[in-house]
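These protein sequences, in sequence, are chains Y, X and D.
If you count the first sequence from 1, position 38 lands on 38 in this note's numbering, and the numbers rise without skipping.
If you count the second sequence from 1, position 148 lands on 1148 in this note's numbering, and the numbers rise without skipping.
If you count the third sequence from 1, position 182 lands on 2182 in this note's numbering, and the numbers rise without skipping.
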Amino acid sequence: MIIDQKTIEHIAKLARLKVNAEDAVEYGEQLTKVLTHFQQISALDTTNIEPLVTPVDIEFFAREDNVKQENTTEEMLQNAPEKAGNLFKVPPVV
Amino acid sequence: MSSNLENKNIYRGYEAVIGIEVHVQLKTKSKIFSTDPTKFDAADNENTTPVSVGMPGTLPVLNKLAIEYSIKAGLALGCKIRNKSVFARKNYFYPDLPKGYQISQYDKPICEHGEVTIVVDKVPKKISITRAHMEEDAGKSTHFGDYTLVNYNRAGVPLLEIVSGPDMSSPQEAAEYGRTIRQIVLYLGVCDGNLEEGSLRCDCNVSVRKVGVKTLGTKVELKNLNSFRFIEKAVEYEIDRQIDEIEAGKKIIQETRLYDPDKNRTFAMRTKEDAQDYRYFPDPDLLPILINEEHVEEIRKKLPELPFAKATRFQSSLGLSEYDSAILTSEKELADYFEVVSELSGNAKLSANWITSDLIRELNSNKVEITNSPIKPEELAKLIKLIDSGSISGKIAKTVFTEMWSTQKTADLIIKEKSLSQVSDTSVIEKMIDDVLATNPSQVEEYRSGKTKVFGFFVGAAMKASKGQANPDLVNQILKKKLDQQ
Amino acid sequence: MDLTQASFKQVSEAVKTKKISATEVTKFFLNRVEQLNPKLNAYIAMNEAALNEAAALDVKINKNENVGPLAGVAFGIKDLLCTKNLRTTAASKILHNFIPPYDSTVVARLKKSGAIILGKLNLDEFAMGSSNETSYFGKCYNPWNTAYVPGGSSGGSASAQASRMAMGTIGTDTGGSIRQPASFCGVVGIKPTYGRVSRYGIIAYASSLDQAGPIVSSVEDAALTLEVICGQDENDSTSSTKKVPEFSKNLSTNVKGMKIGLVKEYQKGELHPDITKTYNLAIEELKKAGAEIVEVSIPLTEFAVPMYYLIAASEASSNLARYDGVKYGHRAEFNDLASMSLEDFYSQTRGEGFGKEVKRRIMLGTYCLSSGYYDAYYNKACQVRRLLRQQYLDVFKNCDALLSPVTTSPAFKVGERSTDPLKMYLNDIFTTSTNLAGLPGMSVPFGFSSDGLPIGVQLTGAHFEEQKILNIAFALESISETKGRTPNVF
Ligand SMILES: [Mg+2]
Ligand SMILES: [Zn+2]
Chain Y
1 MIIDQKTIEH IAKLARLKVN AEDAVEYGEQ LTKVLTHFQQ ISALDTTNIE
51 PLVTPVDIEF FAREDNVKQE NTTEEMLQNA PEKAGNLFKV PPVV
Chain X
1001 MSSNLENKNI YRGYEAVIGI EVHVQLKTKS KIFSTDPTKF DAADNENTTP
1051 VSVGMPGTLP VLNKLAIEYS IKAGLALGCK IRNKSVFARK NYFYPDLPKG
1101 YQISQYDKPI CEHGEVTIVV DKVPKKISIT RAHMEEDAGK STHFGDYTLV
1151 NYNRAGVPLL EIVSGPDMSS PQEAAEYGRT IRQIVLYLGV CDGNLEEGSL
1201 RCDCNVSVRK VGVKTLGTKV ELKNLNSFRF IEKAVEYEID RQIDEIEAGK
1251 KIIQETRLYD PDKNRTFAMR TKEDAQDYRY FPDPDLLPIL INEEHVEEIR
1301 KKLPELPFAK ATRFQSSLGL SEYDSAILTS EKELADYFEV VSELSGNAKL
1351 SANWITSDLI RELNSNKVEI TNSPIKPEEL AKLIKLIDSG SISGKIAKTV
1401 FTEMWSTQKT ADLIIKEKSL SQVSDTSVIE KMIDDVLATN PSQVEEYRSG
1451 KTKVFGFFVG AAMKASKGQA NPDLVNQILK KKLDQQ
Chain D
2001 MDLTQASFKQ VSEAVKTKKI SATEVTKFFL NRVEQLNPKL NAYIAMNEAA
2051 LNEAAALDVK INKNENVGPL AGVAFGIKDL LCTKNLRTTA ASKILHNFIP
2101 PYDSTVVARL KKSGAIILGK LNLDEFAMGS SNETSYFGKC YNPWNTAYVP
2151 GGSSGGSASA QASRMAMGTI GTDTGGSIRQ PASFCGVVGI KPTYGRVSRY
2201 GIIAYASSLD QAGPIVSSVE DAALTLEVIC GQDENDSTSS TKKVPEFSKN
2251 LSTNVKGMKI GLVKEYQKGE LHPDITKTYN LAIEELKKAG AEIVEVSIPL
2301 TEFAVPMYYL IAASEASSNL ARYDGVKYGH RAEFNDLASM SLEDFYSQTR
2351 GEGFGKEVKR RIMLGTYCLS SGYYDAYYNK ACQVRRLLRQ QYLDVFKNCD
2401 ALLSPVTTSP AFKVGERSTD PLKMYLNDIF TTSTNLAGLP GMSVPFGFSS
2451 DGLPIGVQLT GAHFEEQKIL NIAFALESIS ETKGRTPNVF
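Written as structure tokens, this is what we have:
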């Protein structure tokens, strides 16, 4: 198992992470090592085993369709790095 | 018959294969996973909470009504309802997606394996429903060249994405499928069906192949189709465009194209170099939705009769024409109105005629919803009864109807006030006189053999038959004419 | 009253009966923070409103209004839990300026019970680490010896608690982040059953593993805190509707007849002799107290670390996608927004906002979920997770709790470990299974290393059986040589 630089580049792009060349090499080596070790789980037989997500039996519940707002619009935008009125401002998308 | 139909859907030796994804906005007060309102006309970012803006640490909690509505829609579309369905995260980055993932359903959608019947040119056709899954809507980005502004009012609005099989083969079928889905969700009351506000959004997957070829061609996704007319036009354009490309020896590129209604053409969206890798995985913040069989049956029992079934019933047991049935079932409220009138008046056909012509004309020209009609169905039924019993003629009835519409008075009152039944209705009088003559053949013989003083007897009988309401002059005139006529 | 030694019960009783005011308690601890924090860097933000909030509580008490069971108890909160109007950062540059307009449920419940929030405690960035060395706000140190790490990721909580810069603290535990620092710092830490404590408002690392809990000075304080913070929350779909017992009232040192299991597979690894010594002592003492010690087997133990990192990293890669410079937090500086591509905007913001370890885990998780690898990594790990949980469920059919070490060694020196991620990850061998199986687990101090660093032992219970492990811990605590001892550097 080898995570090559092309894969690192692809993963970094998917994850939207700018990774410098030096770190990319390091990540490549480390992820190769980690995943090689972790691959030991592939030896286990899991035929017909349903994947487990929530580890405890918890009763499913849904909420009633009621409106409740505890914050003002201003509070929702108070942390925005940049805004225009009550809208969030980002680079041109198209 | 069937070859005829196929011929109709062949375009320069090609046939089209069309599948449609409809995003139906579920008509809940609050969002699917949070308690902010869904109202359409809100100020910028007014419909937000920390959950819908994806603030750190916030978690989704599912809206019960969204589940109910999804089950309802699923059942109406003939789907199986999964007793355990799972929310999954669809991961991608976009400014209108506050969490960096959309909560949707992936391999375990709530509804699967259904079908719906559409009717194009009087021919019913079954369109399969592959699946219908719940998901949250994204926010809205508005582009200004140098920057983009983001509004999360829509983020988290509940959607049911209904995915059809690739079963449609013409632009008309595609548009009709859209109309049918809209009609169904409106009947169920799970969506307001408002296309301009985006409550119902259709994406069409279109491909073409040479007639006889069994494999599917490369499909193109058409987006931004916010009317059924546009669906028809865009698909039509796209089929043509694809055939042109192939005929010119070019390959169809799998891409997303937007329809521009002003230019009536589709154009490619900027393509991304990489195919998207959404990295779906079950959302650990939400437990699987568990739905038991009894609950599904409970909902099924409460389902209203759906448009296609209703129209079929109107034809088969009420004897209405296909045309009238289709019109009357186009909206549930209209069908309900009709059924009240029909039942109270006892004349389904006459009720259908009056509603599909006079009433709908007034509703449309005055922009009034059927539920707000100034003429209540009970009153229209009374009018129809009067016509049916011959108390007034159809012609008089039109006058009465117009008066009912503008004054909201009852038919009886209008007739009385305007003495309508007495004076004017020659056809009614004629009919009565015909009856009188028919039941008294010997007196007719007498008169015609010269004993004209028997005329007075006829006048009396006719006046009696009309309960004194008939205009005596008219009775005299008509009686004389009929008796002298031989 | 010696506030560094008094229990929650004693202090809240004294506050309610006006023997001491909440303001005085708060001042006392703020003072300690002022003196000690520069050496330990446990707090990374202070609640400017703390004294006002204490004064408001005193007013309520003077008016004989009802106040909660933690009246006047001064808490420090791991900076992973959102606090309304108080900066919450996950110790990351990407959230360095984030002011939540809401409280996490845990914090809201503490406040409602009368607790005073002093400030926010250091951690490994996004709770990813076990030494508190990856914080954007600097390392945190072990008060027993500042050359050593306090553990992590709730290092700030354990450090502040051990140095009594708070009466109580809250930590979170995804793979051992409460238990390991509690052990390193000689304090009591409990991670409740998954679903016991609402995760609402707690910045997510790995949603199916995260759980908050107290890091405090005594088992009794832990029990009392749990009573306040546990219980269903309408804002968290994964919070359990199970009734919350009166943990503190039910506390008992009687372990007679309890069956305590020792996991066979845990004996395999190399244990530091001081750890072995403490662990064996605990076994002996429990035997003496009348508990039955049995050996049990969890054959999948050796796969717990791979499972844990595959699942945690996958979930994290998605959980951390929301930090994108759009709605809050850090945004990369650009000369010209208009000439920026959206992709560069994201990559640059996230590239400079996240630290190295966080990026490493995002990369790992993104890879595990990506097309072609999902089945082999993420899905496989989830399948094995079910098998692992089953092994625990089976074991708990025959015993009441499990006893084990918390870590393979006592606290290590600052800067000593952390170059090789794999080696670092493998240290989590004793703590990760608990989270994978959703079990309650705790660390209770039970000895000292030859270097004078505290060492805890770990108790693991069946789902929702916190009371059992609290009681065993209560028994161990009553005879622990660590009892009443605090770091003497101050
Ligand atoms: Mg889709
Ligand atoms: Zn969709």
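Glycine included, every Cβ here is placed at the ideal spot set by N, Cα and C.
- Here the stretch 1075-1085 of chain X makes no contact with the stretch 1253-1273 of chain X; the two share fewer than three CB pairs at distances below 8 Å.
- By the Cβ rule, the stretch 2125-2141 of chain D does not count as touching the stretch 2389-2396 of chain D, because fewer than three pairs are nearer than 8 Å.
- Looking at the DSSP output, histidine 1133(X) shares a beta bridge with Glu1161(X).
- The DSSP-derived three-state label of leucine 2070(D) is coil.
- Here isoleucine 2203(D) carries a coil assignment [DSSP, helix/strand/coil].
- Take alanine 1175(X), set aside five residues on each side of it, and the residues of its chain with a beta-carbon closer than 6 Å to its own are Phe1228, Ile1231 and Glu1232, in chain order.
- Under the Cβ criterion (8 Å, minimum of three pairs), the stretch 54-73 of chain Y does not count as touching the stretch 31-46 of chain Y.
- Excluding residues up to 5 positions away in sequence, Ile1184, Leu1188, Leu1303 and Leu1306 lie with their Cβ nearer than 7 Å to the Cβ of alanine 1076(X) in the same chain.
- The closest CA to that of glutamate 1173(X), considering only Glu1161(X), Gly1019(X) and Lys1301(X), is found on Gly1019(X).
- Taking the Cα of asparagine 1471(X) as reference, the smallest distance to any Cα among Lys1251(X), Val1459(X) and Lys1482(X) is reached at Val1459(X).
- Just measuring C-alpha positions, the residue of Val2015(D), Ile2117(D) and Gln2035(D) sitting nearest glycine 2168(D) is Ile2117(D).
- Chain-order list of chain X residues neighbouring asparagine 66(Y): Lys1029, Ser1030 and Thr1035, by C-beta distance under 8 Å.
- Nearest to threonine 1439(X) by alpha-carbon distance, out of Ser1449(X), Ile1414(X), Ala1465(X) and Glu1403(X), is Ala1465(X).
- Buried is the label assigned to glycine 2119(D), since at least 16 other Cβ atoms lie within 10 Å of its Cβ.
- Lysine 2327(D) reaches chain X at Val1053, Gly1054, Met1055 and Pro1098, counting residues in chain order whose Cβ is nearer than 8 Å.
- With 16 or more neighbouring CB atoms inside 10 Å of its own CB, isoleucine 1396(X) falls in the buried class.
- Proximity of chain X to alanine 2204(D) at the Cβ level (cut-off 7 Å) is accounted for by Gly1057, in chain order.
- Chain X places no beta carbon closer than 8 Å to that of alanine 24(Y), leaving this residue out of the contacts.
- For a Cβ distance threshold of 8 Å, nothing in chain D lies close to leucine 1149(X): the least Cβ distance comes to about 11 Å.
- Relative to isoleucine 3(Y), the option among Leu2003(D), Gly2072(D), Ser2157(D) and Cys2368(D) whose CA is nearest is Cys2368(D).
- A contact between stretches requires three or more CB pairs, one per stretch, nearer than 8 Å, and the stretch 2183-2191 of chain D meets this requirement with the stretch 2207-2222 of chain D.
- Contacts between proline 1158(X) and chain D, judged by CB atoms closer than 7 Å, are missing: the closest CB pair is about 15 Å apart.
- CA-CA distance, aspartate 1044(X) to threonine 1038(X), rounds to 13 Å.
- In the three-state DSSP reduction, cysteine 1204(X) falls in the strand class (E or B).
- Counting only residues of its own chain and dropping the five nearest sequence neighbours on each side, glutamate 74(Y) has a CB closer than 8 Å to the CB of Asn86.
- Proline 2445(D) and methionine 2001(D) have their C-alpha atoms some 24 Å from each other.
- Secondary structure in the stretch 2243-2293 of chain D: the beta strand (DSSP E) runs of 3 residues or longer, each lying completely within the stretch, are 2259-2263 in chain order.
- The Cβ neighbour count for methionine 1(Y), taken over all protein chains shown within 10 Å, is under 16; the residue is labelled exposed.
- Annotated three-state conformation of aspartate 2394(D) is helix, per DSSP.
- Serine 2443(D) is a Cβ neighbour of alanine 2182(D), given a cutoff of 8 Å.
- Taking 8 Å as the cut-off, the beta carbon of serine 1030(X) is found no closer than this to the beta carbon of proline 1060(X).
- In this structure, serine 1164(X) keeps its C-beta atom at 8 Å or more from the C-beta atom of serine 1207(X).
- In the structure shown, the three-state DSSP call for glutamine 2211(D) is strand.
- Glutamate 59(Y) and lysine 2380(D) have their C-alpha atoms roughly 25 Å apart.
- Neighbours of leucine 14(Y) across chain X, judged by C-beta separation under 7 Å: Asp1277.
- With respect to chain Y, the C-beta atom of aspartate 1146(X) has a partner C-beta closer than 8 Å.
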